[in-house]
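Student: So that we are looking at the same thing, I have put the structure below in structure tokens.
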Amino acid sequence: MEIFAYFDTGHEFPEEIVMAAGFSPVKILGNVHVGTAVADEYLFSYFCPFARGCLAEALGNAQNWVGIGFAHGCDATNRHFDVWKAHVGKTPFFWVNTPMKVDTTAKGFYGKELRRFIQTLNKQYQIEIKDEKLKDAIRLSNEAKSLMKQLASMRTEKDISNSDYFEMTRKAVQTPKESLVADLKAMLADWKSRDPFPAEKVPILLTGSDVTFVEWMELLDIADFRVVRDDLSLGERYFTATIPEMADPIEALVAYACSIPQPATRMPSDSRMEFLVKVLDETKIDAVVSQNMKFCEPYALDAVWSVAAIRQKGYDVIHLERDYTPATDRQLLTRLEAFKEIIQQKGGSRNA
Amino acid sequence: MPNMPSLLNFFIKNPKVFWTATKNNLQQGIPLSLAALFMDYQKKSYKANRLPARKVGAFSAGMPVEFLLAFDIFPAFPEAYACMSGQAGVTQPLIEHAEGMGYSRDLCSYMKVNIGAMNKEYPCNFGGCPVPDLYITSNGVCDTQAKWFENEARRHGRPYFAMDIPSPVSGSDDAKREIDFEYQISQMHDLIKFLEKVTGKSFSEEKFMSIIKKSQEVCGLYLEIYEYRKRFPSPLYFEVQRAFMFPQFGMWDLDGAIKYYRNMLKKLKKRYNDGPSKKIGKPEKYRLMWEGITLWYGIDLYKDLAKKGAYVVYEPYTHAAAMRRTKTFTFDETLRQMAIENISNFYTLDLEQRIPFFEQKITEYSIDGLILHANLSCRPSSTGLQDLKAAIQKRAKIPILILNCDMDDPRAYAEGQIRNRIDSFIEMMEENKN
């Protein structure tokens with residue numbers, strides 16, 4: 000199946016439409032092991048390094064993609080779209096202006112925007128995306144989301160490393176959904192047979208910028224923190240809810256997008272906080288790790304109040320600024336280890 | 000509770016800051032009549048903060064202020080206050096104060112100046128703002144404005160309305176634009192409902208249209224004056240133009256702004272008695288265009304340029320500030336026009352539209368060189384500058400300088416390095432002329 004790549008700073012892009020068009024949606028995540036020099040020719044070094052990494056990937060791989068979709072994310076996304084369009088070969092480009100808000104007006108707009116996206120795909124590829132195909136794609140997507148939710152819930156009980164969890168979430172956005180479902184089922188059997196949650200590990204909630212490379216999750220493993228809950232797009236935002244099966248599949252996609260926990264690029268941020276509070280109430284965690292990738296402004300703006308709000312609920316929180324690099328950041332590791340000692344001395348935030 | 004002190008109280012508490020600001024403000028070369036308007040804004044903001052019956056509404060750039068005025072809400076403009084503070088040269092301690100509150104060094108300096116100044120209870124001319132009764136904002140210029148206001152609304156327990164302005168991208172067609180316009184119009188109706196709820200008053204289309212008539216007149220006058228910048232020599236350079244845009248942009252006193260601009264226009268007509276388009280007279284040695292936000296603290300840079308015969312005579316930033324360009328006569332027509340102007344703004348054009356727009360302005364304003372401000376705390380405005388540079392260099396064949404600075408944070412200004420780059424830029428313009 001041909002690959003339709005998409006650039007999405009959160010979980011906004013409607014993968015199901017691309018699936019219904021007969022393509023395999025693959026989220027562009029960049030390659031942290033490859034430098035961003037080719038992208039830095041067009042984007043300043045003080046821009047989001049993840050976005051630069053994605054452009055670098057597109058400059059190298061676009062010839063293998065049948066199309067490139069862009070979901071409106073943070074405020075620079077539209078100009079990134081322009082830059083990509085100017086430099087990334089002849090691959091057709093598509094812009095989906097996902098709304099910033101989730102109210103009734105925004106829902107109306109998003110529905111029109113999705114219908115426009117379908118029309119553009121139909122025209123570009125001389126196809127007809129029918130409702131039935133879209134409903135099939137939604138069902139398949141939901142099957143994957145449900146399996147992911149089951150898998151993720153095992154993090155509190157079983158020995159599931161952070162990198163294993165990350166790998167599951169990465170696969171979900173980079174593997175054709177048919178084979179993904181089979182892989183997730185196999186993973187479920189494997190995870191069920193794992194040892195119980197290791198006593199030496201500190202269960203945490205991970206929030207902040209999206210983590211897009213496994214090495215950062217490994218850093219948390221090294222520091223003996225175990226991510227048992229999160230609110231990341233390569234994480235729970237992707238599978239916390241399934242897409243409602245409605246008569247009009249477009250309305251279903253709109254309802255879904257407006258009901259899942261919102262990322263830092265959306266406003267107001269109340270629903271984001273509500274989700275964090277819900278997570279903290281339903282799962283026993285010992286601490287919260289909040290991390291901000293360098294130059295990720297949306298979360299840097301949210302962190303000021305969200306970290307304070309979590310603290311107010313009685314949880315210990317560490318807020319870290321991190322780089323986009325696979326190298327182990329020793330300074331961060333030292334801070335994490337010191338934080339772990341504090342938590343362990345207190346016997347966990349909630350049990351202090 | 001009023002949070003803004005009088006200037007006298009501020010002076011008593013902060014004499015050093017006051018004198019630094021006074022000294023720096025006197026360096027700006029702003030005409031007294033314009034300075035008087037800013038003092039008037041300060042006075043009115045102070046008064047509005049103390050009148051329990053008068054509501055204060057904070058708005059961000061690009062929001063249709065006329066809706067606030069239609070509800071008799073005083074329009075507080077925190078971004079403008081941050082600019083004034085920048086001119087006064089007092090931003091750094093405020094930025095550092097906000098960073099101490101948890102705001103990252105990489106974030107918008109306007110926001111940090113304002114948050115820092117509010118926390119320290121500074122008056123408007125020093126970056127502060129009365130705690131408003133409500134906030135209205137949008138993501139039209141950047142997400143920061145929307146999130147800044149959201150955070151402040153949360154901090155002060157005030158209602159907040161954000162308008163989602165779709166982002167224009169290269170290759171958008173009319174059908175797409177129509178969806179965006181409709182979305183904007185619907186949100187304006189949502190904004191009216193929000194204001195009705197907060198104020199307990201009903202919206203009057205008639206009153207709104209009378210305000211629109213004035214804002215369109217102010218904007219028309221501003222644009223008529225703007226045209227004179229094409230003349231040799233230009234009557235307004237960036238360092239004054241940046242302040243000159245605020246009476247129409249801030250809309251705190253539309254009648255006062257009309258009077259001020261009419262008077263200015265009358266003087267210009269007398270000075271250039273053959274109209275704005277004819278370029279009779281001696282041109283500046285180097286006429287410059289500046290893309291991006293100005294360096295509010297950087298009057299010395301503009302003075303240095305002037306010493307070398309280089310003057311900034313055109314900026315999309317100040318040109319785009321004129322938001323009511325087209326006269327409208329009915330309510331529905333007005334909302335549609337506002338939607339169009341919000342989305343199709345000179346300052347937020349997509350790359351494919353931006354390149355010919357720049358070419359056109361380079362010709363119209365007889366530009367010899369272009370400065371692109373790669374603004375460390377404004378990433379949306381800095382994205383795409385390399386492409387813009389490459390395209391303009393190829394098409395217009397003029398020297399282009401990219402300056403890496405910050406609009407309100409002097410810590411990002413490396414004076415020696417920038418002077419060297421300016422010298423090379425001037426040499427390139429000279430060579431290009433020859």
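Going down the list, the sequences are from chains A and B.
Numbers 0 to 351, taken from numbering that gives the first Met the number 0, label the letters of the first sequence in order.
Numbers 0 to 433, taken from numbering that gives the first Met the number 0, label the letters of the second sequence in order.
From the three backbone atoms N, C-alpha and C, an ideal C-beta is built for every residue, glycine too.
As the structure is a computational prediction, the values presented were derived from the model and not from experiment.
Between Ala167 of chain A and chain B, is the shortest Cβ-Cβ distance under 8 Å, so that the two count as touching?
Tutor: Rather than Ala, the amino acid found at residue 167 of chain A in this sequence is Met. Answer no: the Cβ-Cβ gap between Met167 of chain A and chain B never drops below 8 Å.
Student: Pull up the distance between the alpha-carbon of Ala351 of chain A and that of Thr211 of chain A, whole angstroms please.
Tutor: In this prediction, Ala351 of chain A scores a pLDDT of 39, lower than 50, which makes its location untrustworthy; no coordinate-derived value is stated.
Student: Determine the burial state of Ser423 of chain B: buried for a count of at least 16 other Cβ atoms within 10 Å of its Cβ, exposed for fewer.
Tutor: Flag for Ser423 of chain B reads exposed.
Student: Please list the terminal residues of the continuous beta strand (DSSP E) segment that includes Leu133 of chain B.
Tutor: From DSSP, the beta strand (DSSP E) with Leu133 of chain B extends over Leu133 to Ser137.
Student: Give a yes or no on whether the C-beta atoms belonging to Met3 of chain B and Asn48 of chain B are separated by under 8 Å.
Tutor: A contact, by the Cβ cut-off of 8 Å.
Student: With distances taken Cα to Cα, identify the nearest neighbour of Thr264 of chain A among A:Leu58, A:Phe196 and A:Asp74.
Tutor: For Thr264 of chain A, the nearest C-alpha among the options comes from A:Asp74.
Student: Mind checking who Arg286 of chain B pairs with in its DSSP beta bridge?
Tutor: Paired residues: B:Tyr310.
Student: Arg286 of chain B and Ser365 of chain B - do their beta-carbons sit closer together than 8 Å?
Tutor: Yes.
Student: By the DSSP assignment, the beta strand (DSSP E) with Tyr159 of chain B in it spans what residues?
Tutor: Counting along the chain, the beta strand (DSSP E) containing Tyr159 of chain B begins and ends at Tyr159 to Met162.
Student: Could you name the residues of chain A that Pro14 of chain B contacts, counting a contact when the two beta carbons are closer than 7 Å?
Tutor: Under the 7 Å cutoff, chain A gives no residues; its nearest Cβ is about 31 Å from Pro14 of chain B.
Student: Of all the options B:Phe73, B:Gly291, B:Val130 and B:Ser166, which has the alpha carbon lying nearest to the alpha carbon of Leu384 of chain B?
Tutor: The shortest Cα separation from Leu384 of chain B among B:Phe73, B:Gly291, B:Val130 and B:Ser166 belongs to B:Gly291.
Student: Going by C-alpha distance, which of B:Phe160, B:Leu33, B:Arg394 and B:Lys200 is nearest Leu133 of chain B?
Tutor: The shortest C-alpha separation from Leu133 of chain B is found at B:Phe160.
Student: Which residues in chain B sit within 9 Å of Arg115 of chain A, going by Cβ to Cβ distance?
Tutor: The contacting residues are Ala174, Lys175 and Ile178.
Student: Can you tell me whether Tyr5 of chain A is helix, strand or coil according to DSSP?
Tutor: Note: Tyr5 of chain A maps to strand in three-state DSSP.
Student: Reducing DSSP to helix, strand and coil, say where Lys345 of chain A ends up.
Tutor: Helix at Lys345 of chain A.
Student: Across which residues does DSSP place His372 of chain B in a beta bridge pair?
Tutor: Paired residue(s): B:Leu402.
Student: What in chain A is Cβ-close to Val197 of chain B, meaning under 7 Å?
Tutor: The contacting residues do not exist; Val197 of chain B stays about 16 Å from chain A at best.
Student: Apply the 10 Å Cβ neighbour rule to Asp247 of chain A and answer buried if 16 or more other Cβ atoms are within range, or exposed otherwise.
Tutor: Exposed is the call here.
Student: Within 10 Å of its beta-carbon, does Val276 of chain A have 16 or more other beta-carbons around it, so buried, or fewer, so exposed?
Tutor: Looking at its Cβ environment, which holds fewer than 16 other Cβ atoms inside 10 Å, Val276 of chain A is exposed.
Student: Which residue comes first and which comes last in the beta strand (DSSP E) that contains His318 of chain A?
Tutor: Val316 to Arg321 is the extent of the beta strand (DSSP E) around His318 of chain A.
Student: Taking all protein chains shown into account, do 16 or more other C-beta atoms lie within 10 angstroms of the C-beta of Phe356 of chain B, making it buried, or fewer, making it exposed?
Tutor: Exposed, by the Cβ-count rule.
Student: DSSP on Trp94 of chain A, reduced to helix/strand/coil?
Tutor: Three-state DSSP puts Trp94 of chain A in a strand.
Student: Thinking Ser137 of chain B and Ser59 of chain B are a contact (beta carbons under 8 Å), I'd like their distance in whole angstroms, please.
Tutor: The Cβ separation is near 6 Å, so the contact holds.
Student: With a CB to CB cut of under 7 Å and the five nearest residues on each side skipped, what residues in its chain are close to Asn113 of chain B?
Tutor: Taken in chain order, the residues that qualify are Pro77, Tyr80, Ala81, Gly126 and Cys128.
Student: Grouping DSSP H, G and I as helix and E and B as strand, with all else coil, what is Asp247 of chain A?
Tutor: Here Asp247 of chain A sits in coil by DSSP.
Student: Are the Cβ atoms of Ala87 of chain B and Ala20 of chain B separated by less than 8 Å?
Tutor: A contact, by the Cβ cut-off of 8 Å.
Student: Can you tell me whether Gln290 of chain A is helix, strand or coil according to DSSP?
Tutor: Correct three-state label for Gln290 of chain A: strand.
Student: Tell me, please, which residues DSSP counts as bridged to Val201 of chain A.
Tutor: Partner(s): A:Phe224.
Student: When the Cβ atoms of the stretch 156-169 of chain A are set against those of the stretch 283-303 of chain A, are three or more pairs found closer than 8 Å?
Tutor: No, the stretch 156-169 of chain A is not in contact with the stretch 283-303 of chain A.
Student: Measuring CA to CA, which of A:Val101, A:Val25 and A:Ile249 is closest to Val65 of chain A?
Tutor: It is A:Val25 whose Cα lies nearest to the Cα of Val65 of chain A.
Student: Between Lys157 of chain A and Val316 of chain A, what straight-line distance do the alpha-carbon atoms span, to the nearest angstrom?
Tutor: Lys157 of chain A and Val316 of chain A: Cα-Cα distance of roughly 24 Å.
Student: Between Ser166 of chain B and chain A, is any beta-carbon pair separated by less than 8 Å?
Tutor: Cβ-Cβ to chain A under 8 Å: yes for Ser166 of chain B.
Student: So what's Val33 of chain A in DSSP terms, helix, strand or just coil?
Tutor: The answer is coil: DSSP assigns Val33 of chain A none of H, G, I, E or B.
Student: Relative to the C-alpha of Pro74 of chain B, which candidate in B:Gly249, B:Val89, B:Tyr271 and B:Glu429 has its C-alpha closest?
Tutor: For the residues B:Gly249, B:Val89, B:Tyr271 and B:Glu429, the minimum Cα distance to Pro74 of chain B belongs to B:Gly249.
Student: Would Gly170 of chain B pass as an interface residue toward chain A - the criterion being a Cβ-Cβ separation below 8 Å?
Tutor: Closer than 8 Å to some Cβ of chain A, the Cβ of Gly170 of chain B qualifies, so yes.
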